[in-house]
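Visitor: Residue numbers (my numbering): 10 to 98. In this text, a Cβ means the ideal position worked out from N, Cα and C, and glycines have one as well. On a predicted model such as this, the values are computed, not experimentally measured, just so you know.
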Amino acid sequence: KIHFVNESPVNLIKRLREENGKGIWICGGANLIQQLVREDMIDCYYITIIPIILGSGIRLFGNADQAIKLRLLKTQSYNSMTDLVYIRR
Numbered sequence: 010k011i012h013f014v015n016e017s018p019v020n021l022i023k024r025l026r027e028e029n030g031k032g033i034w035i036c037g038g039a040n041l042i043q044q045l046v047r048e049d050m051i052d053c054y055y056i057t058i059i060p061i062i063l064g065s066g067i068r069l070f071g072n073a074d075q076a077i078k079l080r081l082l083k084t085q086s087y088n089s090m091t092d093l094v095y096i097r098r
């Protein structure tokens, strides 16, 4: 199922973690990721590399307060793109 909501990502995840179920999958860009990294709410990172050089833009992770150690779990390439799946160590 796909659900669209109108609440802050941090509050949404806190609420969903209190419900029954398994994983929470949230798609978004740099702004969303930065909010969730600040609150230490990401266990698994799915990052897709798309081979376009933009020259400038928004940093995906911004300026993190501390290093987050990750372990590469899986890679998959298709249509000139590469998916990287990392989990926290």
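Decide yes or no for the touch test of the stretch 53-61 against the stretch 86-97: beta carbon pairs closer than 8 Å, at least 3 of them.
Guide: At 8 Å Cβ cutoff, the stretches touch.
Visitor: Assuming residue 94 is part of the beta strand (DSSP E), what are its boundary residues?
Guide: Where residue 94 is concerned, the enclosing beta strand (DSSP E) stretches over 90-97.
Visitor: Mind checking who residue 79 pairs with in its DSSP beta bridge?
Guide: Beta-bridge pairing links residue 79 to 97.
Visitor: Please classify residue 102: is it buried, with 16 or more other beta-carbons within 10 angstroms of its beta-carbon, or exposed?
Guide: No answer is possible for residue 102: the residues shown for the chain start at 10 and end at 98.
Visitor: Under a three-way DSSP split, which group does residue 3 fall into?
Guide: This structure gives no information on residue 3, because the portion of the chain shown stretches from 10 to 98.
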